[in-house]
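A short write-up of the structure that comes next.
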Amino acid sequence: MATKLEYIWLDGYKPTQSLRSKTKIVSDFGGTLEECPDWSFDGSSTEQAPGGSSDCVLRPVFICKDPGRLDAYLVMCEVLDSTGVAHESNGRATIQDDDNDFWFGFEQEYFLWDPETNKPLGFPAGGYPAPQGPYYCSVGANNAYGREIVEEHLDLCLEAGLNVEGINAEVAAGQWEFQIFAKGAKEAGDQIWVARYLLERVGEAHGVSINWHCKPLGQLDWNGSGMHANFSNTTLRTCGSKDIYDKICEAFRPAVAECIAVYGADNDQRLTGKHETASIHDYSYGVSDRGASIRIPLYTVQKGWKGYLEDRRPNSAADPYKVAAVIIKTVKSAKL
Ligand code: ADP
Ligand code: MN
Ligand code: MN
Ligand code: MN
Ligand code: MN
Numbered sequence: 055m056a057t058k059l060e061y062i063w064l065d066g067y068k069p070t071q072s073l074r075s076k077t078k079i080v081s082d083f084g085g086t087l088e089e090c091p092d093w094s095f096d097g098s099s100t101e102q103a104p105g106g107s108s109d110c111v112l113r114p115v116f117i118c119k120d121p122g123r124l125d126a127y128l129v130m131c132e133v134l135d136s137t138g139v140a141h142e143s144n145g146r147a148t149i150q151d152d153d154n155d156f157w158f159g160f161e162q163e164y165f166l167w168d169p170e171t172n173k174p175l176g177f178p179a180g181g182y183p184a185p186q187g188p189y190y191c192s193v194g195a196n197n198a199y200g201r202e203i204v205e206e207h208l209d210l211c212l213e214a215g216l217n218v219e220g221i222n223a224e225v226a227a228g229q230w231e232f233q234i235f236a237k238g239a240k241e242a243g244d245q246i247w248v249a250r251y252l253l254e255r256v257g258e259a260h261g262v263s264i265n266w267h268c269k270p271l272g273q274l275d276w277n278g279s280g281m282h283a284n285f286s287n288t289t290l291r292t293c294g295s296k297d298i299y300d301k302i303c304e305a306f307r308p309a310v311a312e313c314i315a316v317y318g319a320d321n322d323q324r325l326t327g328k329h330e331t332a333s334i335h336d337y338s339y340g341v342s343d344r345g346a347s348i349r350i351p352l353y354t355v356q357k358g359w360k361g362y363l364e365d366r367r368p369n370s371a372a373d374p375y376k377v378a379a380v381i382i383k384t385v386k387s388a389k390l
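No gaps in the numbering here: position 217 of the sequence shown is 271 in this note's numbering, and each next residue is one more.
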């Protein structure tokens, strides 16, 4: 029987990489990663290689069912150069988390976008809908726009076996969120990218594009989109110590520039100090504080300083592999 393998990878565009994919037909496929051969693509068409030496390698790293197609799988790949070395665009290869001790829960926000009006769903062509307030977690045709896309996406993710933990309508009209949790930074990044891929494809079928930009409505009074990174390791989950939490949060202070460099393009437009964000120029942390760079959830404190932290700065267009990599590096740099 013929099986469709959709090989998915990230291109080399800067500052924001996009998803690319192509289909490989194989026969007698058993459904395992080990059966997926390396493949190649034209890196000169994706800003990943010069035309004279264009071949790049796709190395399969994650596989799941493709519920939107008959007899099909989605195969997330890392990109290697022609000599087999991780390509400079390959953020996944930079993750130092061999024991999968880090757990991540990413909250992916995005706008459903009408390509004809070039505005979010729910925005009239010639103006603006009512101001923010009624849209967050709303129901009803006056306030919730595009739910059929969101629901279709959720079902596909669950059928694919992705660990989606929830969805909600967000603060701006046409803005939504899904959350994915995974143990291990690579697994978390793989699942977010595959979920983004599935969302792009559902949107395509409805003639709606996905706007991943962190501030697509500019400096008007509309929220931007984040990808809050909730994270923990054994220390954060078990220490029971405010002092250790403070030390880990302090480790992020000298790392601000390094973090912001991978927390997504144009984040200065989003991290303004308004709309539940901290200013990009400050670094702060606090219990239950949604105006801080890093929030210590109340739940973590109530459990006696055992839980996780939420870095609120990564934006909707950030690469979860790179976000996870810098968080792991920074937490490990804390002097406990
Ligand atoms: P909020 O919108 O209040 O910031 P959400 O419920 O949208 O919160 O997201 C919270 C995220 O925190 C979820 O994705 C969840 O998986 C994640 N999370 C919970 N516990 C942990 C943990 N121990 N380590 C890492 N992430 C966690
Ligand atoms: Mn060709
Ligand atoms: Mn959330
Ligand atoms: Mn949110
Ligand atoms: Mn959050």
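Every residue gets a Cβ at the ideal spot worked out from N, C-alpha and C, and that includes glycine.
* Kindly indicate which residue of H207, S99, N222, A378 has the alpha-carbon position closest to the one of L216. => Against the sequence shown, residue 216 aligns to sequence position 162. Of the listed residues, the one whose Cα sits closest to L216 is H207.
* To the nearest whole angstrom, what separates the beta carbons of R324 and S347, a pair I think is in contact under 8 angstroms? -> Along the sequence shown, one-based indexing puts residue 324 at 270. Along the sequence shown, one-based indexing puts residue 347 at 293. The Cβ separation is near 13 angstroms, so there is no contact.
* To do: May I ask you to list the residues that DSSP assigns as paired with I79?
  => Here residue 79 is taken as the residue at index 25 of the sequence shown, counted from 1. In the DSSP output, where bridge partners are listed per residue, I79 has K58.
* Mark D336 as exposed unless 16 or more other C-beta atoms lie within 10 angstroms of its C-beta, in which case mark it buried. => Within the sequence shown, the letter at position 282 stands for residue 336. It counts as exposed.
* Output yes or no for whether 8 angstroms exceeds the beta carbon distance between Y299 and I350. => As a first step, residue 299 must be located in the sequence shown, where it is residue number 245. As a first step, residue 350 must be located in the sequence shown, where it is residue number 296. In this structure, I350 lies closer than 8 angstroms to Y299 by Cβ.
* Asked: Hey, Q162 and A226: beta-carbon distance below 8 angstroms or not?
  -> Residue numbering aside, residue 162 sits at position 108 when the sequence shown is read from its first letter. Residue numbering aside, residue 226 sits at position 172 when the sequence shown is read from its first letter. No, these two residues do not count as a Cβ contact at 8 angstroms.
* Asked: Under the three-state reduction of DSSP, which class applies to N217: helix, strand or coil?
  -> Here residue 217 corresponds to residue number 163 of the sequence shown, with the count starting at 1. It is coil, neither helix nor strand.
* **Enclosing beta strand (DSSP E) for P114 [first to last residue]** => Along the sequence shown, read from residue 1 onward, the residue named residue 114 stands at position 60. Unbroken beta strand (DSSP E) run through P114: 109-119.
* For ligand 1, is there a heavy atom less than 7 angstroms away from the beta-carbon of R291? -> Stepping through the sequence shown from its first residue, residue 291 is reached at position 237. R291: yes, Cβ under 7 angstroms from ligand 1.
* To do: Would you mind reading off the limits of the alpha helix (DSSP H) that contains N265?
  => Within the sequence shown, numbered from 1, the residue matching residue 265 stands at position 211. Counting along the chain, no alpha helix (DSSP H) covers N265; the unbroken beta strand (DSSP E) around it starts and ends at 263-265.
* To do: Report the option in L166, D120, L363 whose CA atom is closest to the CA atom of P174.
  => The residue given as residue 174 occupies position 120 in the sequence shown. Closest option to P174, Cα to Cα, is L166.
* **Own chain, CB closer than 7 angstroms to D155, minus 5 neighbours either side, in chain order** => Within the sequence shown, numbered from 1, the residue matching residue 155 stands at position 101. Excluding residues within five positions, the ones whose Cβ falls inside 7 angstroms are N287, T288.
* **Inter-residue Cα distance where the pair is E101 and S143** => Looking up residue 101 in the sequence shown gives position 47. Looking up residue 143 in the sequence shown gives position 89. So the alpha carbons of these two residues sit roughly 10 angstroms apart.
* Roughly how many angstroms lie between the CA atoms of N284 and G85, to the nearest whole one? -> Locating residue 284 in the sequence shown gives position 230, counting from the first residue. Locating residue 85 in the sequence shown gives position 31, counting from the first residue. In a straight line, the C-alpha of N284 is about 31 angstroms away from that of G85.
* Do F83 and E89 have their C-beta atoms closer together than 8 angstroms? -> Translated into positions along the sequence shown, residue 83 becomes position 29. Translated into positions along the sequence shown, residue 89 becomes position 35. Closer than 8 angstroms, so yes.
* Is the region 240-253 touching the region 366-382, taking contact as three or more C-beta pairs under 8 angstroms? -> yes
* For the beta strand (DSSP E) containing E304, list its first residue and its last residue. => Taking the sequence shown and counting its residues from 1, the one referred to as residue 304 is at position 250. E304 -> not in any beta strand (DSSP E); alpha helix (DSSP H) instead, spanning 296-305.
* the region 257-269 / the region 126-141 touching (three or more Cβ pairs under 8 angstroms) -> With a cut-off of 8 angstroms, the region 126-141 and the region 257-269 do not count as touching, because too few Cβ pairs lie within range.
* Asked: According to DSSP, is H335 helix, strand or coil?
  -> For the purposes of this step, residue 335 is taken as the residue at position 281 of the sequence shown. The answer is coil: DSSP assigns H335 none of H, G, I, E or B.
* Which whole-angstrom value describes the C-beta separation of R113 and D92, a residue pair presumed to lie in contact below a C-beta threshold of 8 angstroms? -> Residue numbering aside, residue 113 sits at position 59 when the sequence shown is read from its first letter. Residue numbering aside, residue 92 sits at position 38 when the sequence shown is read from its first letter. That pair is a contact at about 6 angstroms.
* Just confirm the distance between the C-beta atoms of A311 and S387, as a whole number of angstroms; I'd bet it's less than 8 angstroms. => What you label residue 311 is simply residue 257 of the sequence shown in a count that begins at 1. What you label residue 387 is simply residue 333 of the sequence shown in a count that begins at 1. The Cβ separation is near 14 angstroms, so there is no contact.
* To do: Taking only beta-carbon positions, decide if A379 is within less than 8 angstroms of chain C.
  => Here there is only one protein chain, and chain C is not present.
* Asked: When DSSP labels each residue in this structure, what does Y189 get in the three-state scheme?
  -> Taking the sequence shown and counting its residues from 1, the one referred to as residue 189 is at position 135. Coil at Y189, not helix or strand.
* Using three-state DSSP, classify S286 as helix, strand or coil. => If you number the sequence shown from 1, residue 286 lands on position 232. S286 falls in the strand class under three-state DSSP.
* So, is Y67 buried or exposed, given that buried needs 16 or more other C-beta atoms within 10 angstroms? -> Working through the sequence shown from its first residue, we reach residue 67 at position 13. Residue environment for Y67: exposed (fewer than 16 other C-beta atoms within 10 angstroms of its C-beta).
* Are I221 and F160 closer than 8 angstroms when you measure CB to CB? -> Taking the first residue of the sequence shown as position 1, residue 221 is located at position 167. Taking the first residue of the sequence shown as position 1, residue 160 is located at position 106. No, they are not a contact pair.
* Pairwise C-alpha distance: P178 and A195 -> As a working note, residue 195 is residue 141 in the sequence shown. As a working note, residue 178 is residue 124 in the sequence shown. Taking the straight line joining both Cα atoms gives about 14 angstroms.
* To do: Return the CA-CA distance between K296 and S338, expressed in angstroms with no decimal places.
  => Numbered from 1 along the sequence shown, position 242 holds the residue referred to as residue 296. Numbered from 1 along the sequence shown, position 284 holds the residue referred to as residue 338. Separation of K296 and S338 (C-alpha to C-alpha, rounded to the nearest whole angstrom) is 16 angstroms.
* To do: Please report the Cβ distance between V218 and C211, rounded to the nearest whole angstrom; I am assuming they are in contact, meaning their Cβ atoms lie under 8 angstroms.
  => Indexing the sequence shown from 1 puts residue 218 at position 164. Indexing the sequence shown from 1 puts residue 211 at position 157. Yes, they are in contact, since the Cβ atoms of V218 and C211 sit about 5 angstroms apart, within 8 angstroms.
* Q162, DSSP secondary structure in three states -> Here the question's residue 162 lines up with position 108 in the sequence shown. Of the three classes helix, strand and coil, the one that applies to Q162 here is strand, per DSSP.
* Beta carbon of G200 nearer than 8 angstroms to that of G228 -> Counting from 1 along the sequence shown, the entry for residue 200 is found at position 146. Counting from 1 along the sequence shown, the entry for residue 228 is found at position 174. A contact, by the Cβ cut-off of 8 angstroms.
* DSSP three-state call for I203: helix, strand or coil? -> Taking the first residue of the sequence shown as position 1, residue 203 is located at position 149. Looking at I203 - three-state DSSP - the assignment turns out to be helix.
* Around the Cβ of C191, are there at least 16 other Cβ atoms within 10 angstroms (buried) or fewer (exposed)? -> Here residue 191 refers to the residue found at position 137 when the sequence shown is read from its first residue. When all chains shown are included, C191 counts as exposed.
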